[in-house]
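Step one of this worksheet: look at the structure below.
Numbering (the working numbering), first residue to last: -19 to 37.
See below:
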């Protein structure tokens, strides 16, 4: 049996047509549910990020 390691691309926030890091600079780990191993990260949005997204909508 062959095993493969799944990966998840690191992502940023898409606000007003631009990819940005979260203003707080934090990221949330994405875990493989089968192994618990971290396979990537996503941006951890903050209130200012939400405000910017709502203003751009």
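Quick reminder that beta carbons are idealized off the backbone N, C-alpha and C, glycines included.
Could you tell me which residues DSSP pairs with residue -7 in its beta bridges? Counting from 1 along the chain shown, the entry for residue -7 is found at position 13. DSSP output for residue -7 lists 0 as bridge partner(s).
To the nearest whole angstrom, what separates the beta carbons of residue 37 and residue -9, a pair I think is in contact under 8 Å? As a working note, residue 37 is residue 57 in the chain shown. As a working note, residue -9 is residue 11 in the chain shown. With a Cβ gap of about 19 Å, residue 37 and residue -9 do not count as contacting.
When burial is assigned at 16 or more other CB atoms within 10 Å of the CB, is residue -7 buried or exposed? Taking the first residue of the chain shown as 1, we reach residue -7 at position 13. Result: buried.
According to DSSP, which residues form a beta bridge with residue 21? The sequence position of residue 21 within the chain shown is 41, counting from 1. Residue 21 is bridged to 9.
Quick one: Cα of residue 33 to Cα of residue -5, how far? Mapped onto the chain shown, residue 33 falls at position 53. Mapped onto the chain shown, residue -5 falls at position 15. If you take the alpha carbons of residue 33 and residue -5, they lie about 5 Å apart.
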